[in-house]
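In what follows, a structure is listed as structure tokens, so that the remarks can point back to it.
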Amino acid sequence: MAIFIACFFLYFFVISGAVYNYSEEPPFMGHTRDARTGAVVPHVFMRRLNAQYSGEGLAAGMLFCAGGLGFIFLDMSQSQRLANKNQRHLLTLSGLLLVLGAYSLIQLFIRSKIPSYLAQPL
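Start counting the sequence shown at 152; every next residue gets the next number (this note's numbering).
If you want it as structure tokens, here you go:
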């Protein structure tokens with residue numbers, strides 16, 4: 152189990168862009184000043200496709216890991232060692248919620264970063 156946890160954390164750091172964050176040192180979030188009001192407006196997503204803020208990478212890495220954990224729960228729910236049906240249903244439901252929630256939030260992240268992603272052509 153310790154090896155799995157170590158590999159899972161390594162997967163999280165690789166997926167979240169820890170090497171990019173270490174080498175490029177981007178800020179956690181960005182901000183711009185509104186020209187009309189002069190107020191500072193925070194930005195979570197960098198609009199360039201080949202760049203990211205640190206917070207953006209960590210959030211995306213966390214969502215990918217949550218989806219992977221959901222698939223692990225779905226696999227565990229099919230085990231013959233589970234005698235209690237409530238445990239099986241709880242693992243199945245939590246696995247489905249994790250997978251579907253992570254998928255829909257990752258789609259939202261991609262559409263925020265690339266506004267024309269999967270848009271219908273005119």
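Cβ coordinates follow ideal geometry from the N, Cα and C atoms, glycine included.
- Apply the 10 Å Cβ neighbour rule to GLY246 and answer buried if 16 or more other Cβ atoms are within range, or exposed otherwise. Working through the sequence shown from its first residue, we reach residue 246 at position 95. Answer is buried; the Cβ neighbour count reaches 16.
- Less than 9 Å separating the beta-carbons of VAL195 and GLY206? Here residue 195 corresponds to residue number 44 of the sequence shown, with the count starting at 1. Here residue 206 corresponds to residue number 55 of the sequence shown, with the count starting at 1. In this structure, GLY206 lies closer than 9 Å to VAL195 by Cβ.
- Message: Helix, strand or coil for VAL191? Go by DSSP, reduced to three states.
- Response: For the purposes of this step, residue 191 is taken as the residue at position 40 of the sequence shown. Here VAL191 sits in strand by DSSP.
- Taking the alpha-carbon positions, what's the ARG199 to LYS264 distance? Start at 1 with the first residue of the sequence shown, and residue 199 comes out as number 48. Start at 1 with the first residue of the sequence shown, and residue 264 comes out as number 113. Here the alpha carbons of LYS264 and ARG199 stand approximately 8 Å from one another.
- Query: When the distance is taken between beta carbons, is GLY208 closer than 9 Å to SER255?
  - Reply: Locating residue 255 in the sequence shown gives position 104, where the first residue counts as 1. Locating residue 208 in the sequence shown gives position 57, where the first residue counts as 1. No; because the gap between Cβ atoms is not below 9 Å, this pair is not in contact.
- Query: Could you check where the alpha helix (DSSP H) with GLY252 kicks off and where it finishes?
  - Reply: Numbered from its first residue, the sequence shown carries residue 252 at position 101. First-last of the alpha helix (DSSP H) with GLY252: 236 to 264.
- Would you report the Cα separation of ARG184 and PRO177, rounded to the nearest angstrom? Position 33 of the sequence shown holds residue 184. Position 26 of the sequence shown holds residue 177. The alpha-carbon of ARG184 is positioned some 19 Å away from that of PRO177.
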